[in-house]
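A short write-up of the structure that comes next.
There are 2 protein chains.
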Amino acid sequence: MPSEELQYPTQPYSKVNRYDVREAKATYALKIIHELVNTSPILHVSFTVPDSPFPTMLPMIGQMGSFARPSSDIGDVLDLYLHGYVSSRLINLSRKSNSSSNGTEIEPSGLPITIGASHIDGLVLALTPNSHSYNYRSAVLFGHAEVVMDVEEKLMAMELITNSVVRDRYRHTRLPPNNAEMQSTSILRVKIASGSAKIRSGMPSDDKSDLEDAALLDRVWTGVVPVHYTLGDPMPGPYNKLETPAYLDEFVRESNQDAKDIAVEAATKAMKPKVKQGE
Amino acid sequence: MPSEELQYPTQPYSKVNRYDVREAKATYALKIIHELVNTSPILHVSFTVPDSPFPTMLPMIGQMGSFARPSSDIGDVLDLYLHGYVSSRLINLSRKSNSSSNGTEIEPSGLPITIGASHIDGLVLALTPNSHSYNYRSAVLFGHAEVVMDVEEKLMAMELITNSVVRDRYRHTRLPPNNAEMQSTSILRVKIASGSAKIRSGMPSDDKSDLEDAALLDRVWTGVVPVHYTLGDPMPGPYNKLETPAYLDEFVRESNQDAKDIAVEAATKAMKPKVKQGE
């Protein structure tokens, strides 16, 4: 990728392990990572809680954005805004992290959280079980979460997030959110410390010794089954009174075409090395 | 659900918060949780690492299974077998957890990890931004991970996992895995401590005051856009010599029909309460 693109600094906790990506490429480019997060309908959010050996994990909705610089590009330094049914546990922990001072100046305020966003692009069917895989694009972000208190910032995040469900949806709804809605909605702003992504694309890759086995090649089908999300025909709800609006029909049609193209493209992208070293 | 179904014990770390599920139902039924995990192409695995404020998160492939009782049902007590590019960090931590003894007899051996599996079934478009949502099914499991050393158990897990990519695929590949493959493949067995799931289905649910606003109902389309994965036509790889085999064609066709049905069914399922209390 071009050198002018911003990259997240690699930290011990964010560095993609060589063994993790035997067949994939790792990237730290903000643009790629932010796009993966923004196109994930569900993010997996993880954080540690006192008195539990297990990290908590919550499915949440989120979008990258900048309140300070609304015109920022997807590849710029951005915050992650999280919504969805924000758990009171997470909100409380974030509040506590905001207010507590632990004496060290270096530690940023906010609750340390990790966010995962993964897309599946294909089933990769190889000659051997071990070489089976998925074409996928997976991003992880690390950052500190704080509850958004500013009304304007909260509204901006609500607009970003609503429009991430369906493009241009926000201005077609009942606006502005009323007092009760503003009170009951919690938005978290995550200041990103680092991030990384792993991407596997292309056709199967098998060992040299298997590729030289003609009988095996005559017996096992190898290739990729593309995988993508499909949006079905919009189903009107019980109190709906309208025909499907044009912006929704268009969004469904374009999303489906894009999703299909991405999956097929991922399958045909050149992978290097194409052939693993014989073992 | 019937009372004879096994339920995971609710723990402080696993209990679904009331606020999390304003519009969804929570369940602790093994059958539902295990099915969500088994039908997720990617699992998000999280664990804490020494010297990092952030939990690690890795996308991995996994399947529920029982080596001791291979005939177990999906609703029985099962382990989770994890593969994918198992990070050396995770493997090393699991090994350490196996061998270290911390003096307390109560703590199970193995690395404490949390596993998330989420499915999107629909975009839920309501009258107000706040009532927008997704139809989704999301499971979380908590357990202790150890590296599988037994060869037979490892082979069983490899078969389970390969067949989770495409049904019945394992016996159509080059078997058995050779020594190098057995050495280079790490499988983790997660002994499950607890788990939970959240499920949101049905049509949008708006506040009473908005539903009484006739002008609003005449202006905003409300309903659900079903969402599901689609498998595209299998694309043969560069060294493939065969026509698409029948088991693969059949799997693609049936998966697509099932996925579509699930999404449409989720949209039409009754949600209670249908109308939120006016605020």
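As you go down the protein sequences, you meet chains A and B in turn.
The working numbering numbers the first residue of the first sequence as 1 and each following residue consecutively.
The working numbering numbers the first residue of the second sequence as 1001 and each following residue consecutively.
Glycine included, C-beta positions come from ideal geometry on N, C-alpha and C.
Note that the coordinates shown come from a computational prediction; the quantities given were computed from them, not determined experimentally.
Same chain only: Cβ atoms within 6 Å of B/K1154, ignoring 5 sequence neighbours per side | Residue mapping note: residue 1154 of chain B aligns to position 154 of the second sequence, counting from 1. For B/K1154, where only same-chain residues beyond five positions count, the Cβ hits under 6 Å are V1148 and I1187.
Under a Cβ-count criterion, where at least 16 other Cβ atoms within 10 Å of its own Cβ denotes burial, should B/A1193 be classed as buried or exposed?
-> Here residue 1193 of chain B refers to the residue found at position 193 when the second sequence is read from its first residue. Here B/A1193 is buried: its Cβ has 16 or more other Cβ atoms, across all protein chains shown, within 10 Å.
Who are the neighbours of B/N1240 on chain A, taking C-beta pairs under 7 Å?
-> Locating residue 1240 of chain B in the second sequence gives position 240, counting from the first residue. Near B/N1240 (Cβ distances below 7 Å), the residues of chain A are W221, T222 and G223.
Unbroken stretches of the beta strand (DSSP E), 3 residues or longer, contained in the stretch 1039 to 1100 of chain B = 1043 to 1047, 1056 to 1065 and 1079 to 1083
Do you know whose CA, among B/A1024, B/V1220 and B/S1072, lies nearest A/R311's CA?
-> Residue 311 of chain A cannot be examined here, being either before or after the span of chain A that is shown, 1 to 279.
Thinking B/V1224 and A/G237 are a contact (beta carbons under 8 Å), I'd like their distance in whole angstroms, please.
-> For the purposes of this step, residue 1224 of chain B is taken as residue 224 along the second sequence, with counting starting at 1. For the purposes of this step, residue 237 of chain A is taken as residue 237 along the first sequence, with counting starting at 1. 7 Å between Cβ atoms; contact.
Please list the residues of the stretch 40 to 59 of chain A that have a C-beta atom closer than 8 Å to any C-beta atom in chain B, keeping them in chain order.
-> P41, I42, H44, S46, F47, T48, V49, D51, S52, P53, F54, P55, T56, M57, L58 and P59
Straight-line Cα distance separating B/R1089 from B/P1055 | Walking along the second sequence from the start, residue 1055 of chain B turns up at place 55. Walking along the second sequence from the start, residue 1089 of chain B turns up at place 89. Taken atom to atom, the span from the alpha-carbon of B/P1055 to that of B/R1089 is near 13 Å.
Are A/L248 and A/V166 close, meaning C-beta to C-beta below 8 Å?
-> Position 248 of the first sequence, counted from the first residue, corresponds to residue 248 of chain A. Position 166 of the first sequence, counted from the first residue, corresponds to residue 166 of chain A. Cβ distance < 8 Å, so A/L248 and A/V166 count as in contact.
How would you call A/D168, buried or exposed, if buried means at least 16 neighbouring beta carbons within 10 angstroms?
-> Within the first sequence, the letter at position 168 stands for residue 168 of chain A. Exposed, since its Cβ has fewer than 16 Cβ neighbours within 10 Å.
Using a Cβ-Cβ distance under 8 Å, would B/P1204 count as near chain A?
-> Looking up residue 1204 of chain B in the second sequence gives position 204. Yes, contact with chain A.
Who are the Cβ neighbours of A/L111 in its own chain at under 7 Å, not counting the five residues just before and after it?
-> Position 111 of the first sequence holds residue 111 of chain A. So the list reads F47, L93, S94, S97, H144 and A145, once near-sequence residues are dropped.
To the nearest angstrom, report how far apart A/G116 and A/Y8 are at their CA atoms.
-> Taking the first sequence and counting its residues from 1, the one referred to as residue 116 of chain A is at position 116. Taking the first sequence and counting its residues from 1, the one referred to as residue 8 of chain A is at position 8. Here the alpha carbons of A/Y8 and A/G116 stand approximately 15 Å from one another.
For a contact meaning CB atoms closer than 8 Å, what does B/A1267 contact in chain A?
-> Here residue 1267 of chain B refers to the residue found at position 267 of the second sequence. Those are M235, listed as they occur along chain A.
Quick one: does B/Y1008 have its CB under 8 Å from some CB of chain A?
-> The residue given as residue 1008 of chain B occupies position 8 in the second sequence. No, B/Y1008 does not count as interfacial toward chain A.
B/H1228, DSSP secondary structure in three states | The count along the second sequence starts at 1 and reaches residue 1228 of chain B at position 228. DSSP places B/H1228 in strand when its eight states are reduced to three.
Taking the alpha-carbon positions, what's the B/M1057 to B/V1045 distance?
-> Residue 1057 of chain B sits at position 57 when you count from the first residue of the second sequence. Residue 1045 of chain B sits at position 45 when you count from the first residue of the second sequence. Taking the straight line joining both Cα atoms gives about 5 Å.
Cβ of A/T104 less than 8 Å from any chain B Cβ?
-> Along the first sequence, read from residue 1 onward, the residue named residue 104 of chain A stands at position 104. Per-residue confidence for A/T104 stands at a pLDDT of 48, beneath the threshold of 50, marking its modelled position as unreliable; no derived number is given.
Excluding the five sequence neighbours on either side, which residues of its own chain have a C-beta within less than 8 Å of the C-beta of B/T1128, listed in chain order?
-> Against the second sequence, residue 1128 of chain B aligns to sequence position 128. Answer for B/T1128: D1206, D1207 and D1210, listed in chain order.
Evaluate B/R1171 with the Cβ neighbour count: other Cβ atoms within 10 Å of its Cβ, from every protein chain shown; 16 or more gives buried, anything less gives exposed.
-> Counting from one through the second sequence, the residue named residue 1171 of chain B turns up at place 171. With fewer than 16 other beta carbons inside 10 angstroms of its own, B/R1171 counts as exposed.
Take the Cβ of A/G253 as the centre, count every other Cβ of all protein chains shown within 10 Å, and call the residue buried at 16 or more, exposed below.
-> The residue labelled residue 253 of chain A in the question sits at position 253 within the first sequence. The question names Gly, but residue 253 of chain A in the sequence shown is Arg. Exposed is the call here.
Contact check, A/M203 vs A/A263 under 8 Å by CB: the rounded distance?
-> By one-based count along the first sequence, residue 203 of chain A stands at place 203. By one-based count along the first sequence, residue 263 of chain A stands at place 263. With a Cβ gap of about 13 Å, A/M203 and A/A263 do not count as contacting.
Would you say A/T114 faces chain B, with C-beta separation under 8 Å as the test?
-> Within the first sequence, numbered from 1, the residue matching residue 114 of chain A stands at position 114. So, interface residue.
Would the beta-carbon of B/L1043 fall within 8 Å of that of B/M1060?
-> Translated into positions along the second sequence, residue 1043 of chain B becomes position 43. Translated into positions along the second sequence, residue 1060 of chain B becomes position 60. Result yes, Cβ atoms of B/L1043 and B/M1060 sit closer than 8 Å.
Taking Cβ-Cβ distances below 7 Å as the criterion, which residues of the stretch 117 to 141 of chain A are in contact with chain B?
-> S118, I120, L123, L125, L127, T128, P129, N130, H132, Y134, Y136, S138 and V140
Got a sec: is the Cβ-Cβ distance from A/N17 to anything in chain B below 8 Å?
-> Mapped onto the first sequence, residue 17 of chain A falls at position 17. Yes - at least one Cβ of chain B is within 8 Å of the one on A/N17.
What's the C-alpha gap between A/T39 and B/M1156?
-> By 1-based counting over the first sequence, the position of residue 39 of chain A is 39. By 1-based counting over the second sequence, the position of residue 1156 of chain B is 156. A/T39 and B/M1156 have their C-alpha atoms spaced approximately 35 Å apart.
Rounded straight-line distance, which links the Cα of B/Y1081 to that of B/V1037 = In the second sequence, residue 1037 of chain B corresponds to position 37, counting from 1. In the second sequence, residue 1081 of chain B corresponds to position 81, counting from 1. Looking at the two C-alpha atoms, the distance is approximately 11 Å.
For A/F142 and A/T114, the rounded distance between their alpha carbons | To locate residue 114 of chain A, count along the first sequence from 1; it is residue 114. To locate residue 142 of chain A, count along the first sequence from 1; it is residue 142. Roughly 5 Å separates the two Cα atoms.
Could you tell me if A/R69 is buried or exposed, where buried requires 16 or more neighbouring beta carbons within 10 angstroms of its beta carbon?
-> Here residue 69 of chain A refers to the residue found at position 69 when the first sequence is read from its first residue. A/R69 should be labelled exposed.
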